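As structure tokens, the structure follows; a few thoughts come after it.
In my numbering, the protein residues as written are 13 to 169.
Written out as structure tokens, the structure is:
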């Protein structure tokens with residue numbers, strides 16, 4: 013096959029990518045400005061914890077974490093906010109609820125929450141639906157020289 017034919021095939025193939033992408037664009041959350049999804053499978057349910065911007069935000073205004081659940085990955089239930097930056101008494105501002113991670117461990121559920129400029133805190137609950145509370149009253153990670161304490165995850169070996 014000549015280089016010209018390969019180039020033509022490449023152009024045709026790449027020009028069809030946006031059409032394919034648009035045809036499959038079916039976000040499960042269409043009514044809020046969500047970001048940073050953190051899935052957790054527990055029993056027969058997918059729990060999807062997300063951040064979100066307020067509708068009136070010019071920049072980022074992120075005050076709490078939302079929860080969506082599904083048992084079939086098609087139909088989703090919006091449970092609203094399950095935790096808030098206000099759950100951390102040691103933080104000095106409300107804005108900055110960034111990418112969380114939730115894990116089940118020893119009969120409890122732990123939500124690791126980065127708080128923009130205030131490190132990473134942990135919340136605890138008896139149910140994946142909450143209510144969550146701060147069991148230690150301080151960040152578990154905080155480098156006060158910068159705001160890079162973000163996007164936590166948990167590794168259990």
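For every residue, glycine included, the Cβ atom is placed at its ideal position computed from N, Cα and C.
Since this is a predicted model, take the numbers as computed values, not measurements.
Buried or exposed for residue i, please, with buried defined as at least 16 other CB atoms from any protein chain shown within 10 angstroms of its CB.
i           : result
residue 85  : exposed
residue 167 : exposed
residue 169 : exposed
residue 161 : buried
residue 114 : buried
residue 141 : exposed
residue 109 : buried
residue 99  : buried
residue 55  : exposed
residue 50  : buried
residue 149 : exposed
residue 97  : buried
residue 34  : Because residue 34 sits at a pLDDT of 45, beneath the cut-off of 50, its placement in the model cannot be relied upon, and the point is left open.
In whole angstroms, give me the CA-to-CA distance for residue i and residue j.
i           : j           : result
residue 11  : residue 59  : Nothing about residue 11 can be read from this structure; the chain reaches only from 13 to 169.
residue 95  : residue 144 : 6 Å
residue 134 : residue 124 : 5 Å
residue 128 : residue 71  : 14 Å
residue 117 : residue 73  : 31 Å
residue 62  : residue 76  : 9 Å
residue 155 : residue 163 : 14 Å
residue 46  : residue 64  : 4 Å
residue 5   : residue 66  : Since the first residue of the chain shown is 13 and the last is 169, residue 5 is not available in this structure.
Go ahead and pull the three-state DSSP assignment for residue i.
i           : result
residue 169 : coil
residue 36  : Here residue 36 scores only 49 on pLDDT, less than 50, and its place in the model is too uncertain to base an answer on.
residue 98  : helix
residue 156 : coil
residue 44  : coil
residue 68  : coil
residue 144 : coil
key: Complete beta strand (DSSP E) runs within the segment 74–136 (minimum length 3 residues, chain order)   = 76–82, 89–96, 113–117, 120–126
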